[in-house]
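One structure is given here, and the rest of the page talks about it.
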């Protein structure tokens, strides 16, 4: 990282003055933690006792046979506590919050996984917790809202702007500038003002460290390619960091293609032509915006990928050619999800399934001596309403109608 | 720069100056025109015109909604610059643009300064551009003589205020409290101690904003700061009672 939190020309900390001091304190707390080997030990201990780390690397034997090319391995972040990689970041920030002595945490959430993880951490560490969630996402991720509330968090539906992730982030910042003394903002992805991109990536590097060890043990050599979906970019940064120094390992980030890159209804910042450099939400990256600099509406079947910006670290890695970016459409995602469930008995989140789509496209062209890893960033059962709806599942619909009738009495 | 001179000369026969705020294109530029006419008639000394942005991170619900409605009605940056030029040609008070950095960045920093200069704009308030992120911006501000107004906050340390002052011009915008725009502020002991710290860090005039809504609030800061900033309150007033309510409201503030 360069001066002032920049990665190449990307990143920085474009923050209102009211937050300057808090960012200075946060950066100091982060540096102290990074310099203290006991901190990482405590983190590993927590993640192996409260969560299920190390998460397994699963050999997808049936999919491998089906595609007839590279050996397909799946890194199982879905088996983390709360069902996604989000817990890695949240528990790490929780330990920092304890060191900083703050009593309240706030977070934004898109798919609800980060909100879930934050509510969990707050319950465990005895912190007050408020989660901001776009109203559109509240509706499409209702089960997560239920659990967050059950764990004692206040969930605030955000009704501004596009009512999705970016608006939840703005609202969380508004809370933070108001309650800056008592509150830490647990930003959920490798975006936002410095030091968040670096800090979140640091906590998520646990994925890559494990995956590297696991693939060497199982396959005897490094993988040919590593695939990860990219919303904000934290799961991708997590797994990619295990292989960044090995140029022979191709790193592939898969963005939300929505209804297609030419449809204007997608969330592809680094592949596709609709994004341009900009500064919003406290950092510089590629944003989906118009020529006046106003952010555009984005679309994805996966709430967690439905975001206008992307990690500045990934913008830098894209510019340097170290990470290749592709996209997967909503329709491709449903097909790949169906196949994965049927062949492996694994339910990836809609977000994670984007990575599967691209891996499935490329696996047949690789040699059986090669291995590829797909980062399954989260589990799909949270998406039951969206997935059942997309599959137009008749028995599910009948169940909902019957249950609604019962509640209407 | 001109902005400070203009404010100082207005201070010669006033105990405190008033700066008001509008969101361009909300509810329309036609209404903006009427509101500004009312503001000037009511005696304001300076007006900040906010160029709407889709992600106004530092603004509270009233101004946030005004930003969104303005953009939904199709407000473009070029319209805002043209409107600014029209106002500076028409009225003899300083006009500023307030917006977020992406608007300037996408427009092109140098072109933005050039166009502000030719529109007769005296200053810029960009709340998400701290000096350490805006090397070129602050150079251009000097070159084009458009004052970069910087913000002090109650959370700013003394050392930080001194640092900010090095890049600031025109006046210092002292945020009265933590939080976003449009909520009540208290002007008690803590506030006085904060303003004393602000004063020690700069020789520029001090403007106090966030939560100033009435004559009592303005009276509370008279003698402590050079300018009071009325933000969200006039938007509420126009929403509820129309532009013609603004003139009497402003005239009644001091």
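Chains as they are written, first to last, in our numbering: chain A, 135 to 543; chain B, 41 to 294. Built from N, CA and C at the ideal position, the CB exists for glycine as well.
request  = Using the Cα positions of residue 79 of chain B and residue 61 of chain B, report the straight-line distance between them to the nearest angstrom.
outcome  = When the Cα atoms are used, residue 79 of chain B and residue 61 of chain B turn out to be separated by approximately 10 Å.
C-alpha gap between residue 466 of chain A and residue 423 of chain A, whole angstroms = For residue 466 of chain A and residue 423 of chain A, the distance between alpha carbons rounds to 25 Å.
query = Since residue 251 of chain B and residue 217 of chain B are thought to touch, with beta carbons under 8 Å apart, how far apart are those beta carbons, to the nearest angstrom?
reply = About 6 Å separates the two Cβ atoms, so the contact holds.
Neighbourhood of residue 131 of chain B by C-beta, 6 Å cutoff - its chain only, sequence neighbours within 5 removed = Cβ-Cβ distances below 6 Å link residue 131 of chain B to 80 in the same chain, with the five nearest sequence neighbours on each side left out; the list follows chain order.
Residues near residue 290 of chain A in its chain [Cβ-Cβ closer than 8 Å; skip 5 each side] = Beyond the five residues adjoining it in sequence on each side, residue 290 of chain A comes within less than 8 Å, by CB distance, of 264, 265, 266, 267, 305 in the same chain, given in chain order.
inquiry  = Does chain A have any CB closer than 8 Å to the CB of residue 200 of chain B?
reply    = Residue 200 of chain B belongs to the set of residues whose beta carbon lies under 8 Å from a beta carbon in chain A.
task = Have a look at the DSSP bridge pairing and note the partners of residue 384 of chain A.
result = Note: residue 384 of chain A sits in a beta bridge opposite A:359.
inquiry  = Considering only their Cβ atoms, is the gap separating residue 265 of chain B from residue 247 of chain B smaller than 8 Å?
reply    = The Cβ atoms of residue 247 of chain B and residue 265 of chain B lie closer than 8 Å to each other.
ask   = With respect to the beta strand (DSSP E) encompassing residue 157 of chain B, which residues constitute its N-terminal and C-terminal limits?
value = It is not in any beta strand (DSSP E) - residue 157 of chain B instead sits in the alpha helix (DSSP H) that spans 149 to 158.
key: Nearest-angstrom Cα separation, counted from residue 185 of chain A out to residue 508 of chain A   = Our two residues, residue 508 of chain A and residue 185 of chain A, have alpha carbons roughly 21 Å apart in a direct line.
Those residues which DSSP pairs with residue 145 of chain A across a bridge = The partner list for residue 145 of chain A (beta bridge, DSSP) reads A:140, A:418.
request  = Report, in whole angstroms, the separation of the C-beta atoms of residue 63 of chain B and residue 278 of chain B, which I expect to be a contact under 8 Å.
outcome  = In fact, because the Cβ distance is near 10 Å, the residues do not count as touching under 8 Å.
request  = Would you be able to state if there are at least three C-beta pairs under 8 Å between the region 313 to 327 of chain A and the region 279 to 290 of chain A?
outcome  = Contact between the region 279 to 290 of chain A and the region 313 to 327 of chain A is absent, because fewer than three Cβ pairs lie under 8 Å.
key: Residue from A:532, A:503, A:461 whose Cα sits closest to the Cα of residue 490 of chain A   = Comparing Cα positions, the closest option is A:461.
key: Cβ-based burial, residue 309 of chain A [other Cβ within 10 Å; buried from 16]   = Within a 10 Å sphere around the beta-carbon of residue 309 of chain A sit 16 or more other beta-carbons, which makes this residue buried.
query = When the Cα atoms are used, what is the spatial distance from residue 220 of chain A to residue 303 of chain A?
reply = Take the alpha-carbon of residue 220 of chain A and the one of residue 303 of chain A: they are about 16 Å apart.
query = What residue range is occupied by the uninterrupted beta strand (DSSP E) comprising residue 59 of chain B?
reply = Annotation for residue 59 of chain B: the continuous beta strand (DSSP E) segment containing it runs 57 to 63.
Per-residue contacts from residue 308 of chain B into chain A (C-beta, under 8 Å) = Within the shown structure, residues of chain B are numbered from 41 to 294, placing residue 308 of chain B beyond reach of any answer.
task = Within the region 421 to 493 of chain A, note down every full beta strand (DSSP E) run reaching 3 residues or more, in order along the chain.
result = Counting whole runs of 3 or more residues, the region 421 to 493 of chain A contains the beta strand (DSSP E) stretches 457 to 463.
key: Member of A:387, A:180, A:344, A:205 whose CA lies at the smallest distance from the CA of residue 190 of chain A   = Answer by Cα proximity: A:344.
query = Counting Cβ pairs, one atom from each stretch, are 3 or more of them under 8 Å apart for the region 445 to 457 of chain A and the region 476 to 485 of chain A?
reply = In this structure the region 445 to 457 of chain A does not lie against the region 476 to 485 of chain A, because fewer than three pairs of beta carbons, one per stretch, are closer than 8 Å.
message = Run through chain A and tell me which residues come within less than 7 Å of residue 218 of chain B, C-beta to C-beta.
response = Going along chain A in sequence order, the residues near residue 218 of chain B (Cβ under 7 Å) are 152, 311, 312, 314.
task = Anything in chain B within Cβ reach of residue 300 of chain A, meaning under 9 Å, just list it in chain order.
result = In chain order: 94, 95.
query = Per DSSP, which one or two residues make a beta bridge with residue 86 of chain B?
reply = Partner residues in the beta bridge of residue 86 of chain B, as assigned by DSSP, are B:59.
key: Where the region 421 to 455 of chain A meets chain B: residues whose CB sits under 9 Å from a CB there   = Shown in chain order are the members of the region 421 to 455 of chain A whose Cβ falls below 9 Å from a Cβ of chain B: 421, 423, 424, 425, 426, 427, 428, 429, 430, 442.
Complete runs of the alpha helix (DSSP H) confined to the region 232 to 307 of chain A [at least 4 residues] = 247 to 259, 269 to 274, 276 to 284, all fully within the region 232 to 307 of chain A.
task = Closer than 9 Å, Cβ to Cβ, to anything on chain A: give me those residues from the region 96 to 108 of chain B, in chain order.
result = If the cut-off is 9 Å between Cβ atoms, the region 96 to 108 of chain B has 96, 97, 98, 99, 100, 101, 104, 105, 108 near chain A.
key: Extent of the continuous alpha helix (DSSP H) to which residue 318 of chain A belongs   = Segment 317 to 319 is the beta strand (DSSP E) holding residue 318 of chain A; no alpha helix (DSSP H) there.
ask   = Which chain B residues are close to residue 307 of chain A, counting only those with a beta carbon under 7 Å from its beta carbon?
value = Ordered by position in chain B, the residues that pass the 7 Å Cβ test against residue 307 of chain A are 97.
task = Establish whether the CB of residue 63 of chain B and some CB of chain A are separated by less than 8 Å.
result = Chain A, which has no Cβ nearer than 8 Å to the Cβ of residue 63 of chain B, makes this no.
ask   = Which one of A:329, A:253, A:341, A:271 has the shortest CA to CA distance from residue 284 of chain A?
value = From the listed residues A:329, A:253, A:341, A:271, the smallest Cα separation to residue 284 of chain A is found for A:253.
query = What residue ranges within the region 187 to 269 of chain B form continuous beta strand (DSSP E) runs of no fewer than 3 residues, ordered along the chain?
reply = Residue ranges of uninterrupted beta strand (DSSP E) with 3 or more members, entirely inside the region 187 to 269 of chain B and ordered along the chain, are 187 to 192, 212 to 215, 246 to 249.
message = Taking the alpha helix (DSSP H) that residue 348 of chain A belongs to, which residues open and close that run?
response = Per DSSP, residue 348 of chain A belongs to the alpha helix (DSSP H) from 330 to 353.
ask   = CB-CB under 6 Å to residue 429 of chain A, same chain, minus the five flanking residues each way: which ones, in chain order?
value = Hits under 6 Å: 423, 442.
inquiry  = Restricting to Cα atoms, I'd like to know which of A:369, A:193, A:526, A:540 is closest to residue 218 of chain A.
reply    = Looking at A:369, A:193, A:526, A:540, the one whose alpha-carbon comes closest to that of residue 218 of chain A is A:369.
task = Return yes when the Cβ of residue 496 of chain A is within less than 8 Å of the Cβ of residue 196 of chain A, no when it is not.
result = If you check the CB distance, residue 196 of chain A and residue 496 of chain A do not come in under 8 Å.
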